[in-house]
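J.: Quick note, the sequences are listed as chains A and B, same order.
Its first residue numbered 7, the first sequence is counted upward by one per residue in the numbering used here.
Its first residue numbered 2, the second sequence is counted upward by one per residue in the numbering used here.
Positions of the beta carbon are idealized from the N, C-alpha and C atoms, including for glycine.
Note that the structure is predicted; figures quoted are calculated from it, not measured.
One structure follows; several queries about it will come next.
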Amino acid sequence: MDEKFIEVSQLYKTFQNKKQKIEVLKGIDLSAEKGEIYGIVGFSGAGKSTLVRCMNRLEEPDSGTVRIGDMEITSLGKAALNEQRRKIGMIFQQFNLFDSMTVSQNIAYPLKLTGVKGKEASDRVDEMLALVGLTEKKKAYPGELSGGQKQRVGIARALANRPDVLLSDEATSALDPQTTLSVLDLLKEINEKLGLTIILITHELEVIKYACHRMAVMEDGRLLEQGLVKDIFMHPQCETARNFISVYNQFRNEERREDME
Amino acid sequence: MSLYKYSFWEVFKHSFSAEVWDKVMPAIGETMYMVAVSSVFVLIFGILLGLILVMTSKEGLLPCKIVHGVLGAVINCFRSLPQVIIIIVMLPVARALVGKSYGSNACIISLIASCVPLFARLVESSLLEIDKGKIEAAKAMGSGNMRILFTVMVPETLPSLIRAFTNAVVIVISMTALAGSFGAGGIGYVAVTYGYTRYRHDLLFATIIVLIVIVQAVQFVGDTVSKMILKRRHLI
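Dropping the structure here:
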């Protein structure tokens with residue numbers, strides 16, 4: 007069994023508009039092990055969202071490779087890519103649920119793509135609803151749900167086809183702190199229960215600290231540093247990581263002081 | 002009854018008389034026929050062209066500059082012609098297609114030529130209202146382009162599409178009246194031949210009342226259905 011379950015190597019991506027070329031990814035090398043939660047932190051504009059979107063090719067990289075399991079994503083044709091995307095779940099900052107469908111129809115949508123039908127499909131939907139704790143909202147429309155509930159539906163929908171990987175693109179950034187914690191708890195739970203590998207993009211260091219096993223720090227299209235979360239917190243190597251951690255600590259100290267008062 | 006001889010109130014009252022409505026009722030039937038048939042064609046072809054416009058656009062699911070460019074240009078050509086001119090231009094086309102250049106069926110040809118491009122643009126702008134994230138989510142799940150179009154884009158923008166179609170039908174109705182003066186029959190014909198050339202202002206009033214009622218009814222149905230869907234989805 008290959009330890010490196012997800013491997014990104016020498017990934018480059020340039021966005022071109024009329025006036026200028028913007029290099030968003032400048033040779034990213036990254037690897038994540040099976041069953042871990044791998045966090046990527048960076049300021050906005052660092053390219054982390056583009057990086058994760060290259061992993062299922064919502065964004066086409068200019069060069070470099072992405073491998074997930076034994077499948078090289080970057081060399082797949084269109085049909086094979088769609089096939090493969092069904093095994094890669096993704097959740098988003100704005101949830102991106104379909105407002106025209108009920109919660110259970112949203113979760114059943116990916117099942118239609120893989121040909122899961124009838125009782126098997128409805129059983130799977132119920133199973134997913136139970137997993138994210140929204141069984142009683144089965145017939146509700148997304149418009150009736152709170153942000154946290156919407157993200158739970160997003161997670162259920164992403165997991166319906168039993169993927170090996172979950173890509174999380176700022177999935178908690180639109181949520182309040184309380185809800186963020188509960189969503190992260192859910193991600194940790196499914197990570198343990200299902201052995202799911204999770205790539206988690208965020209600009210909030212506390213999210214990484216709370217949920218991730220390993221992390222990478224990204225700035226200006228480059229990965230500056232990657233390793234175990236606790237190692238980087240203890241001995242940050244790069245300036246950006248030190249900045250992130252010092253801001254994080256300031257916040258925590260501030261909170262503690264307020265608590266004491 | 003003419004306003005030159007009688008008071009407004011007398012003419013208005015007479016516009017509800019049996020004599021007037023004997024002439025107006027058949028015209029309503031003709032107008033309804035033209036509006037209904039044209040609307041069906043406008044719906045089908047407008048949606049089709051609108052979908053093609055959105056799909057082939059630069060940010061669309063199947064970008065194709067040539068198709069998008071040519072279709073857009075043709076639509077703009079038709080859109081730049083006033084309805085009167087389209088009616089005149091379509092006369093020979095109508096003769097070729099339905100055998101004569103007057104009557105309801107000939108009128109339907111010009112209605113289609115004028116309102117399909119209009120509705121196609123309305124469909125395009127409705128579909129473009131969709132949150133791009135929803136399309137990305139469907140893509141990330143491995144959904145194909147056609148499936149995204151029909152299971153995500155159309156259902157998600159349905160309330161807006163219904164409002165667009167309502168607007169298109171209202172314009173079809175107004176254009177039917179215009180075509181009436183070119184021998185299409187219907188309400189417009191009554192208004193022009195009696196109300197204008199014969200100073201039968203009571204008949205003119207009757208056609209105005211009929212048109213207002215029809216348009217109000219169409220608008221009401223469209224708004225209600227669109228709102229009902231939004232309410233069911235808890236979006237309003």
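So is histidine 241 of chain A buried or exposed if we call it buried at 16+ other beta carbons inside 10 Å?
T.: By one-based count along the first sequence, residue 241 of chain A stands at place 235. Per the 10 Å Cβ criterion, exposed.
J.: Verify the CB distance criterion: does glycine 183 of chain A have a CB-CB separation below 8 angstroms to chain B?
T.: As a working mapping, residue 183 of chain A is identified with position 177 in the first sequence. Per the sequence shown, the amino acid found at residue 183 of chain A is proline instead of glycine. By this cut-off, proline 183 of chain A is not an interface position.
J.: Identify, in the order they occur along the chain, each residue of the same chain with its Cβ nearer than 6 angstroms to the Cβ of leucine 236 of chain B, setting aside the five sequence neighbours on each side.
T.: Stepping through the second sequence from its first residue, residue 236 of chain B is reached at position 235. Nothing listed; no residue qualifies.
J.: Hey, could you find the ends of the beta strand (DSSP E) arginine 220 of chain A is sitting in?
T.: On the first sequence, position 214 is the one that residue 220 of chain A refers to. Per DSSP, arginine 220 of chain A belongs to the beta strand (DSSP E) from 220 to 225.
J.: Buried or exposed: where does methionine 7 of chain A fall if 16 or more other Cβ atoms within 10 Å of its Cβ makes it buried?
T.: Your numbering for residue 7 of chain A matches position 1 in the first sequence. Residue confidence is low: methionine 7 of chain A scores 42 on pLDDT, short of 50, so the model does not pin down where it sits. Its coordinate-derived value is still stated next. Flag for methionine 7 of chain A reads exposed.
J.: Quick check on leucine 31 of chain A: does DSSP put it in helix, strand or coil?
T.: Counting from one through the first sequence, the residue named residue 31 of chain A turns up at place 25. Here leucine 31 of chain A sits in strand by DSSP.
J.: Starting from the N-terminal side, write out each stretch of the beta strand (DSSP E) that is 3 residues or longer and does not extend beyond the segment 133 to 176 of chain B.
T.: Qualifying beta strand (DSSP E) stretches: none in this window.
J.: Could you work out which residues of chain A lie near serine 144 of chain B, taking near to mean beta carbons separated by less than 7 angstroms?
T.: Within the second sequence, the letter at position 143 stands for residue 144 of chain B. Within chain A, the residues near serine 144 of chain B are Leu119.
J.: Closer than 8 angstroms, CB to CB, is valine 124 of chain B near chain A or not?
T.: Start at 1 with the first residue of the second sequence, and residue 124 of chain B comes out as number 123. It does not; no Cβ of chain A falls within 8 angstroms.
J.: Please classify phenylalanine 250 of chain A as buried or exposed, where buried requires at least 16 other C-beta atoms within 10 Å of its C-beta.
T.: Start at 1 with the first residue of the first sequence, and residue 250 of chain A comes out as number 244. Phenylalanine 250 of chain A should be labelled buried.
J.: Here's the rule I'm using: 16 or more other beta-carbon atoms within 10 Å means buried, otherwise exposed. How should glutamine 1 of chain A be labelled?
T.: Residue 1 of chain A lies beyond the stretch modelled for chain A, which goes from 7 to 267, so this question has no answer here.
J.: Pick helix, strand or coil for glycine 61 of chain B, following the three-state DSSP scheme.
T.: The count along the second sequence starts at 1 and reaches residue 61 of chain B at position 60. Three-state DSSP puts glycine 61 of chain B in coil, outside helix and strand.
J.: Counting only Cβ-Cβ distances shorter than 7 angstroms, please list the residues of the segment 64 to 89 of chain A near chain B, keeping chain order.
T.: Flagged, chain order: Leu64, Asn88 and Glu89.
J.: Which word fits isoleucine 204 of chain A, buried or exposed, when buried means at least 16 other C-beta atoms lie within 10 angstroms of its C-beta?
T.: Mapped onto the first sequence, residue 204 of chain A falls at position 198. Buried, by the Cβ-count rule.
J.: Suppose contacts are defined by Cβ-Cβ distances below 8 angstroms. Is valine 235 of chain A in contact with methionine 224 of chain A by that definition?
T.: In the first sequence, residue 235 of chain A corresponds to position 229, counting from 1. In the first sequence, residue 224 of chain A corresponds to position 218, counting from 1. It is not a contact, given that the beta carbons lie outside the stated cut-off.
J.: Measure the C-alpha to C-alpha separation of glutamate 65 of chain A and aspartate 175 of chain A and round it to an integer number of angstroms.
T.: On the first sequence, position 59 is the one that residue 65 of chain A refers to. On the first sequence, position 169 is the one that residue 175 of chain A refers to. Distance between the alpha carbons of glutamate 65 of chain A and aspartate 175 of chain A is about 13 angstroms.
J.: Valine 122 of chain A by DSSP, collapsed to three states: which one?
T.: As a first step, residue 122 of chain A is located in the first sequence; it is residue number 116 there, counting from the start. Valine 122 of chain A: coil per DSSP, three-state reduction.
J.: Across which residues does DSSP place lysine 10 of chain A in a beta bridge pair?
T.: By one-based count along the first sequence, residue 10 of chain A stands at place 4. A/Glu39.
J.: For glutamine 243 of chain A, does the three-state DSSP call read helix, strand or coil?
T.: As a working note, residue 243 of chain A is residue 237 in the first sequence. Glutamine 243 of chain A falls in the coil class under three-state DSSP.
J.: So leucine 230 of chain A and threonine 246 of chain A are supposed to be a Cβ contact under 8 angstroms. How far apart are they, rounded?
T.: On the first sequence, residue 230 of chain A is found 224 positions in, with the first residue counted as 1. On the first sequence, residue 246 of chain A is found 240 positions in, with the first residue counted as 1. So it is a contact: roughly 6 angstroms between Cβ atoms.
J.: I'd like to know if the segment 78 to 91 of chain B and the segment 108 to 124 of chain B are in contact, where contact means that at least 3 CB-CB pairs between them fall below 8 angstroms.
T.: The segment 78 to 91 of chain B, when compared against the segment 108 to 124 of chain B, does touch it at the 8 angstroms Cβ threshold.
J.: Return yes when the Cβ of glutamate 39 of chain A is within less than 8 angstroms of the Cβ of lysine 10 of chain A, no when it is not.
T.: Taking the first sequence and counting its residues from 1, the one referred to as residue 10 of chain A is at position 4. Taking the first sequence and counting its residues from 1, the one referred to as residue 39 of chain A is at position 33. Yes, the pair counts as a contact, with Cβ atoms nearer than the cut-off.
J.: In the DSSP output, which residue or residues are listed as bridge partners for aspartate 175 of chain A?
T.: Here residue 175 of chain A refers to the residue found at position 169 when the first sequence is read from its first residue. Answer is A/Phe98 and A/Ile207.
J.: Which residue comes first and which comes last in the beta strand (DSSP E) that contains isoleucine 74 of chain A?
T.: Taking the first residue of the first sequence as position 1, residue 74 of chain A is located at position 68. Where isoleucine 74 of chain A is concerned, the enclosing beta strand (DSSP E) stretches over 69 to 74.
J.: Taking DSSP's pairing of strands, which residues face phenylalanine 21 of chain A in a bridge?
T.: Along the first sequence, one-based indexing puts residue 21 of chain A at 15. Looking at the DSSP assignment, phenylalanine 21 of chain A forms a beta bridge with A/Ile28.
J.: Rounding to the nearest angstrom, what Cα-Cα distance links alanine 217 of chain A and phenylalanine 49 of chain A in this structure?
T.: Position 211 of the first sequence, counting from 1, holds the residue named residue 217 of chain A. Position 43 of the first sequence, counting from 1, holds the residue named residue 49 of chain A. Going by the C-alpha atoms only, they are around 19 angstroms apart.
J.: Could you round the C-beta distance between glycine 223 of chain B and phenylalanine 166 of chain B to whole angstroms and report it? I think they count as a contact, below 8 angstroms.
T.: The residue given as residue 223 of chain B occupies position 222 in the second sequence. The residue given as residue 166 of chain B occupies position 165 in the second sequence. Rounded, the Cβ-Cβ distance is 7 angstroms, consistent with contact.
J.: Taking buried to mean at least 16 other C-beta atoms within 10 Å of its own C-beta, is threonine 198 of chain B buried or exposed?
T.: Position 197 of the second sequence, counting from 1, holds the residue named residue 198 of chain B. The residue is exposed, with fewer than 16 neighbouring Cβ atoms inside 10 Å.
J.: Quick one: Cα of methionine 35 of chain B to Cα of glycine 187 of chain B, how far?
T.: Along the second sequence, one-based indexing puts residue 35 of chain B at 34. Along the second sequence, one-based indexing puts residue 187 of chain B at 186. Rounded to whole angstroms, methionine 35 of chain B to glycine 187 of chain B spans 8 angstroms at the Cα level.
J.: Could you give the residue range of the beta strand (DSSP E) that holds glutamate 231 of chain A?
T.: For the purposes of this step, residue 231 of chain A is identified with residue 225 of the first sequence, where counting begins at 1. From DSSP, the beta strand (DSSP E) with glutamate 231 of chain A extends over 228 to 234.
J.: Taking Cβ-Cβ distances shorter than 8 angstroms, what residues in chain B pair up with glycine 149 of chain A?
T.: If you number the first sequence from 1, residue 149 of chain A lands on position 143. Those within 8 angstroms of glycine 149 of chain A in chain B are Arg234, His235 and Leu236.
J.: Name the residue from B/Ile48, B/Ala218, B/Arg148 and B/Arg164 whose alpha carbon lies nearest to the alpha carbon of leucine 62 of chain B.
T.: Here residue 62 of chain B refers to the residue found at position 61 of the second sequence. Ranking the options by Cα distance to leucine 62 of chain B, first place goes to B/Arg148.
J.: Determine whether the beta carbon atoms of leucine 82 of chain B and leucine 50 of chain B lie at a separation below 8 angstroms.
T.: For the purposes of this step, residue 82 of chain B is taken as the residue at position 81 of the second sequence. For the purposes of this step, residue 50 of chain B is taken as the residue at position 49 of the second sequence. In this structure, leucine 50 of chain B does not lie closer than 8 angstroms to leucine 82 of chain B by Cβ.
J.: Suppose the cutoff is 8 angstroms on Cβ atoms and the five residues either side in sequence are ignored; what does the same chain contact list for threonine 120 of chain A look like?
T.: What you label residue 120 of chain A is simply residue 114 of the first sequence in a count that begins at 1. Cβ within range, chain order: Arg92 and Asn167.
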